[in-house]
Amino acid sequence: MFEVKDIRETALGENPVIERMSQYNHEQLLFCNDNATGLKAIIAVHNTTLGPALGGTRMWAYNNELEALNDVLRLSRGMTYKNSISGLNLGGGKAVIIGDARKNKNEALMRRFGKFVNSLGGKYITAEDVGISTADMSWVNMETNHVVGLPGKSGDPSPVTAYGVYMGMKAAAKVQFGSDSLAGKKIAVQGVGHVGEYLVAHLAKEGAKVFISDIHEDTLKRVASTYKAEVVGLDDIYTIDMDIYAPCALGATVNDDTLAKLKCSIIAGAANNQLKNEAVHGEVVRDKGILYIPDFMINAGGVINCYAEVKGFTAEWAMSKAEEIYNRTLSIVNRSNESKMPTYKIANTMAEERINAIGNIKLPM
Ligand code: NAD
């Protein structure tokens, strides 16, 4: 029976790798090093019951290896749940490259990484994530076919991700405000990168009052002027008067500190692992009357887009599949209300139910 217990953040201790893999129920980790290109990466294959492990590659200047390890373990586990709850025949995996994407990325490094992906023989299929573009994926593709999100194919998954988040946000608004219209709603979008900007475009078009924050001043200025959004400071994003908080940067922004400040009715955004500690903060948000829309369910548009590429389905198929996030959000909320369990737990249960059901299929002789 596949099941992941509530994971509480613990010190990594003296056995940070296999002990933590076992805690998260991971199948395999591949540590990659290449002195010539400076590549340092970790590929995590979490679970392949439903199919090959698909999940993006993130490039980030982690402070240390343990931070990178923790990130890849959590992100790959999230992909298993995301792919399952979205009805895709894919397992969960993820890769992290340790380094500054604006300084350390080049053709040789990405191709070397592609060779490592290839060495897994298709058990892991990669795509873009934070710090990685579709052009970078073309370099990876020179060394392996186990890559999606390529230019000229399904392309940048961010518009589909943003559309799915927008759909889930509207469903959440229907539950909390009685109408799914976001017109006039005050929405704080943290991070206006690939997904954040497309989300801001949907929100601005619908007449929402949009606030934005980002660490890159140039991006911030451009997005603010294009969509008439109001810029707020990196910390002020948690304290402003808002209806909806949409984390679209990095994870763990829903934590003890921010929950003491946030006064929103809904948390719905694209970032992975939004709850710093889901077993703790998933309960706190509910106690505060905030409706949290589980991250791996609402941000599945990107992987849906990748799946369309794997299967040869059209872009229209991907958009209509992302639209299902609206009804899936309502199902999770209904189940949560009926069972009095927090939404994060319901989403986990729904994902595990499918993995167990499919994993138990016995082929007739
Ligand atoms: P991105 O790198 O294009 O954008 C992230 C943005 O967040 C950048 O502009 C960055 O400057 C900003 N940022 C970083 N730290 C910040 C902070 N402390 N405060 C405010 N802004 C900050 O990445 P993306 O592709 O837009 O992805 C955003 C999030 O959504 C990530 O967590 C990613 O894992 C998740 N996600 C993305 C996709 C996709 O299709 N791209 C799919 C699913 C989930």
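Adding 57 to a residue's 1-based position in the sequence shown gives its number in this note's numbering. Using N, Cα and C, we set each Cβ at its ideal position, and we do this for glycine too.
A distance below 6 Å between beta-carbons, with the five flanking residues on each side excluded, links residue 401 to the following residues of its chain, in chain order: 335, 339, 351.
In the same chain as residue 366, and ignoring 5 residues on each side of it, the C-beta atoms closer than 8 Å to its own belong to 205, 206, 207, 210, 211, in chain order. For residue 329, the CB falls within less than 7 Å of some heavy atom of the ligand NAD. Two segments are said to touch when three or more pairs of C-beta atoms, one from each, lie closer than 8 Å; by this definition the segment 188-203 does not touch the segment 225-235.
The straight-line gap separating the alpha-carbon atoms of residue 364 and residue 393 is approximately 28 Å. Cβ neighbours of residue 404 within its own chain (closer than 8 Å, five residues either side excluded): 138, 142, 351, 353, 354, 389.
In this structure residue 188 is in contact with residue 116, their Cβ atoms being roughly 3 Å apart against a cut-off of 8 Å.
Exposure of residue 88 is indicated by the presence of fewer than 16 other C-beta atoms within 10 angstroms of its C-beta. For residue 386, the enclosing alpha helix (DSSP H) begins and ends at 372-396.
Three or more beta-carbon pairs separated by less than 8 Å link the segment 246-254 to the segment 266-275, which places the two stretches in contact. Counting C-beta atoms within 10 angstroms of its own C-beta, residue 154 has 16 or more neighbours from the protein chains shown and is therefore classed as buried. Ranked by how close their Cα comes to the Cα of residue 185, the residues 178, 171, 147, 302 have 171 in first place. Spatial neighbours of residue 240 in its own chain (CB-CB distance under 7 Å, excluding positions within 5 residues in sequence) are listed in chain order as 263, 264, 265.
The beta carbon of residue 285 sits closer than 7 Å to those of 261, all from its chain and outside the five residues before and after it, given in chain order. Under the three-state reduction of DSSP output, residue 212 falls in the coil class, being neither helix nor strand. Boundaries of the beta strand (DSSP E) harbouring residue 243: 243-247, taken from the DSSP string.
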